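Below you'll find the structure, written out as structure tokens, and then a few comments.
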Amino acid sequence: SLRDGTVRMNRKKRTWLIPPIKVVERDVGPFPKTIMVIKSDHERNQQVRYSLTGKGVDVEPLTVFVIEPSTGRINVTHSLDREEVSEYQMFGRAFSVFGTELEQPLEFTISVQDVNDNPPEFATLHFQGNLTEGAPTATAILQVAASDRDDPRTQNSRIAFTILHQDPPIPHATLFALHRTTGWLTTNTNAFDRETVDEYNLTVQATDCDGQSYGLSSTTYILVSISDINDNSPEFVSAEYSGAVWENTVNVTVVWLTVRDRDAHGTAAWHAVYTITRGNDDGAFGVRTDTQSNEGVVFTSKGLDFESAPRRALELTVQNAAPLLTPGTQLPSLSQCTLHVSISDLNEPPVFRPHFMVLPPHSEGLPPGSSLANLTATDPDANHTQMLRFVLGQDPASWLVLLATGEVLTQVLLDRESPHVFNDSYVATALVVDDGYPPETGTVTMVIPIQDVNDNKPALELSAISLCLVRATWGINISITDPDKDPFSGPFTMALSEQLPDGHKNWTLLQTSVYTRLWQHGLEVCTLVSRSMASRSVYSSLAAWPRGMYSSLAAWPRGMYSPRAAWPRGMYSPCMYSPRAAWPRGMYSPVAAWPRGMYSPVAAWPRGMYSPRAAWHQGMYSPRAAWHRGMYSLSSSMALRYVLTSSSITSRNVLTSSSMASRNVLTSSSLVLRYVHSSLGIYTRL
6 SLRDGTVRMN
16 RKKRTWLIPP
26 IKVVERDVGP
36 FPKTIMVIKS
46 DHERNQQVRY
56 SLTGKGVDVE
66 PLTVFVIEPS
76 TGRINVTHSL
86 DREEVSEYQM
96 FGRAFSVFGT
106 ELEQPLEFTI
116 SVQDVNDNPP
126 EFATLHFQGN
136 LTEGAPTATA
146 ILQVAASDRD
156 DPRTQNSRIA
166 FTILHQDPPI
176 PHATLFALHR
186 TTGWLTTNTN
196 AFDRETVDEY
206 NLTVQATDCD
216 GQSYGLSSTT
226 YILVSISDIN
236 DNSPEFVSAE
246 YSGAVWENTV
256 NVTVVWLTVR
266 DRDAHGTAAW
276 HAVYTITRGN
286 DDGAFGVRTD
296 TQSNEGVVFT
306 SKGLDFESAP
316 RRALELTVQN
326 AAPLLTPGTQ
336 LPSLSQCTLH
346 VSISDLNEPP
356 VFRPHFMVLP
366 PHSEGLPPGS
376 SLANLTATDP
386 DANHTQMLRF
396 VLGQDPASWL
406 VLLATGEVLT
416 QVLLDRESPH
426 VFNDSYVATA
436 LVVDDGYPPE
446 TGTVTMVIPI
456 QDVNDNKPAL
466 ELSAISLCLV
476 RATWGINISI
486 TDPDKDPFSG
496 PFTMALSEQL
506 PDGHKNWTLL
516 QTSVYTRLWQ
526 HGLEVCTLVS
536 RSMASRSVYS
546 SLAAWPRGMY
556 SSLAAWPRGM
566 YSPRAAWPRG
576 MYSPCMYSPR
586 AAWPRGMYSP
596 VAAWPRGMYS
606 PVAAWPRGMY
616 SPRAAWHQGM
626 YSPRAAWHRG
636 MYSLSSSMAL
646 RYVLTSSSIT
656 SRNVLTSSSM
666 ASRNVLTSSS
676 LVLRYVHSSL
686 GIYTRL
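One point on numbering: in my numbering, the residue at position 239 of the sequence shown is 244, and numbering is uninterrupted.
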């Protein structure tokens, strides 16, 4: 060991002897400074040259250490920092002047000895924590973390935490505790009140060397926010409120109610919920909360009546949306107030009693000036000073007169067949108007039933008919209408005019009495038949029925009235029974061939003659559903008494394959269809 602090290395038994080598960091010099010397025993016999390699020499960081080749003295060139490099691994070598390596390389390590040159460093510049008000003592808030770059094996990196300052010091300066070694921040009390202090700022210090006075230190800040709980109930600013509103107004604001609540704005602990506890049994008022101001808005949910109650008194309470959290088990009473509402009078419309009237029935033809009704109306206003005036409203036929006394009179004859009458009733309205400001009007609806009388004669639908008289033409259809209803309409009695020249010689009137209802008007059809054709077969296969109604494919059941065997060819020409001239419009059309319910399964024929499946196919004659199976069999003994026959053909084979060519099928000079259809159903007696 040299006096200047260097270390001399001696060779023993041809082996390097290496004592521990340490260099203190942050040495102030002067530099270069010798830290050790290496020597070889070969120096006794020859000149030796020394070299140094490794970290800090020819490996980064470079030139930290250098060696004197002739003496083997190793020098450090500048101050070292342990936090940058804590140790250096190097190799020393000895060579002859001829470059021959004289010894094995010497491996050694230089360690940098730590000094306390680094203060503790916090993990973040600022810490933030949250604490619920009213939290119990020793509640953990957060953990403060810090580190030290010095050697962790020494006290230079052992950190201790302390609270330097609390702001504000309310209610006292020691509300928090900071664990000395772990850094956990906890509470020393449960006396935190957000409404008093909503946040605290703490200054925290970290000191190394285990908090000794000679240790290095650093500081940071902790912000502790106090979270709100609902520990304050809302309170009305005033115990009495007043408001005014017009009667009969809906959804109108009466008053705004103001409350105080110390809890955090915008939270459920602050949000107020208002309730009307008394004086609103009829539900005339409602209350809601304004989300911005937290005020209560009282409004009308239905119209108020000044005459019934000119003043109303309401009692209201208020509470928070969140449940109230208070010490103890007994909850405080809710804040309440009284609201006085004044109702202002408005001019209300007069009222008919009743407002809908069905008058007694009257016969049409009632003479003008007849009294129908006496109307009465009242004014619901309290003062009853308005004058009422009756005015006729809707009177589409201009039949009525309304007197100032409210009596309704006729001014013309009533007519059930008028286009303004629906379902035998005439509808009119009357008004009553007061002289208030502004004037108000009441309305009554009057329904006047009108009874029918026989005041309309039967009329021919057409006054003239053109015929295309060709061979096989046998007759035309004549339609008769009567706007009266039963029993003043059809069936009608028809006869050829005596003024018709040779009428009875050339024409026969065959009354078919196909009776239906078209808009409550009677319609009856008769067939004018040429006498020379009356005993022949009727309806040829080419032009028997209107197009699409009784076609060759769907006319009759298969095999019964087929296109080829139905009727003698040439009996009916296309000119006589074309689709447009066959039957009255709308009576035997493809869509409306028969009235609904005329040939229904229930009402078609007498029980046992036609089965439910055998009536008609959608009002037509389809092959699949025309006749009851077995009813019209091939038996020659089958007789029809009720279906499309007359007394002269009851003993013959009707509608069977053996009688297809019979001339008396569906026609005869004596065949008269008296009743085919009525409002009750089908008549089968012929």
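Glycine included, each C-beta is placed from N, C-alpha and C at the ideal position.
As the structure is a prediction and not an experimental result, all values here were calculated from the model.
Based on the DSSP secondary-structure assignment, which residues constitute the bridge partners of residue i?
i      : result
Asp700 : In the structure as shown, the chain begins at 6 and stops at 691. Residue 700 is therefore absent and cannot be evaluated.
Tyr93  : Ile115
Tyr219 : DSSP output for Tyr219 lists no bridge partner at all.
Val694 : A query on residue 694 cannot be resolved here, the shown segment of the chain reaching from 6 to 691 and no further.
Lys60  : Val64
Phe290 : Thr305
Thr282 : Its beta-bridge partners do not exist; DSSP assigns none.
Arg158 : In the DSSP output, where bridge partners are listed per residue, Arg158 has none listed.
Gln324 : Val278
Leu414 : Ser376 and Val406
With distance defined between alpha-carbon atoms, name the residue in the options nearest to residue i.
i      : options                           : result
Thr331 : Glu88, Ser238 and Pro488          : Ser238
Leu467 : Thr254, Asn461 and Ile485         : Ile485
Val303 : Phe361, Asn285 and Ala314         : Asn285
Ser75  : Asn161, Val42 and Tyr219          : Val42
Thr305 : Pro328, Asn461 and Ile348         : Ile348
Pro328 : Glu65, Asp268 and Ala274          : Ala274
Ser423 : Asp457, Val363, Asn482 and Val120 : Asp457
Leu501 : Ile231, Asp287, His184 and Ile483 : Ile483
Thr144 : Phe103, Ser45 and Ala182          : Ala182
Asp440 : Glu240, Val202 and Thr390         : Thr390
Ala128 : Asp153, Thr179 and Leu228         : Asp153
Val432 : Gln324, Asp172 and Ala402         : Ala402
Leu111 : Met499, Gln94 and Val452          : Gln94
Asp46  : Pro174, Lys490, Pro359 and Arg98  : Arg98
Pro125 : Ser430, Gly61, Leu465 and Leu221  : Leu221
Glu252 : Val33, Pro372, Arg316 and Leu377  : Arg316
Pro337 : Glu240, Ala151 and Ala269         : Glu240
Ala382 : Val396, Ser375 and Ser376         : Val396
Gln51  : Thr296, Leu377, Phe103 and Glu65  : Phe103
Thr39  : Lys60, Glu65 and Val69            : Val69
Leu515 : Asp489, Ile481, Ser494 and Pro492 : Ile481
Ala151 : Ala165, Gln160 and Arg158         : Ala165
Asn352 : Gly447, Gly301, Leu57 and Ser430  : Gly447
Gln324 : Ser376, Gln297 and Asp268         : Asp268
His367 : Thr159, Arg358 and Leu377         : Leu377
Leu465 : Gln504, Met499 and Arg158         : Met499
His425 : Pro444, Glu445, Val438 and Ile455 : Ile455
Under the assumption that residue i contacts residue j (Cβ atoms under 8 angstroms), give the Cβ distance between them as a whole number of angstroms.
i      : j      : result
Phe96  : Leu107 : The Cβ separation is near 14 angstroms, so there is no contact.
Leu407 : Val413 : 6 angstroms
Gly291 : Phe197 : About 39 angstroms; that fails the 8 angstroms criterion.
His345 : Ser247 : 5 angstroms
Gly398 : Leu436 : 5 angstroms
Asn80  : Pro37  : 4 angstroms
Ser162 : Asp213 : 6 angstroms
Val117 : Ser84  : Val117 to Ser84, Cβ: 10 angstroms. No contact.
Thr224 : Thr201 : Not really, about 27 angstroms apart at Cβ, beyond 8 angstroms.
Asp262 : Gly301 : For the record, residue 262 in the displayed sequence is Leu; it is not Asp. About 4 angstroms separates the two Cβ atoms, so the contact holds.
Would you tell me roughly how many angstroms separate the C-alpha atoms of residue i and residue j, rounded to the nearest one?
i      : j      : result
Asn235 : Asn206 : 24 angstroms
Asp350 : Phe311 : 6 angstroms
Asp266 : Asn299 : 9 angstroms
Arg314 : Val257 : The sequence given here has Ala at residue 314, not Arg. Cα to Cα, the separation comes out at about 18 angstroms.
Asn511 : Pro463 : 25 angstroms
Asp156 : Lys27  : 14 angstroms
Thr254 : Glu369 : 46 angstroms
Thr343 : Leu319 : 6 angstroms
Ile146 : Thr187 : 13 angstroms
Leu405 : Asn428 : 19 angstroms
Val363 : Asn459 : 24 angstroms
Pro354 : Asp489 : 42 angstroms
Leu180 : Thr82  : 54 angstroms
Ala277 : Tyr442 : 42 angstroms
Gln160 : Ile168 : 21 angstroms
In its own chain, which residues sit with a C-beta less than 6 angstroms from the C-beta of residue i, not counting the 5 before and 5 after it?
i      : result
Thr322 : Thr280, Thr282, Leu339 and Gln341
Thr693 : Examination of residue 693 is not possible in this model, given that the chain is present from 6 through 691 alone.
Asp5   : In the structure as shown, the chain begins at 6 and stops at 691. Residue 5 is therefore absent and cannot be evaluated.
Ile175 : Val202
Val452 : Val363, Ser430 and Val432
Please list, in chain order, all residues of the same chain as residue i whose beta carbon is under 8 angstroms from its beta carbon, the five residues on each side excluded.
i     : result
Arg31 : Ser84, Leu85, Asp86, Val120 and Asp122
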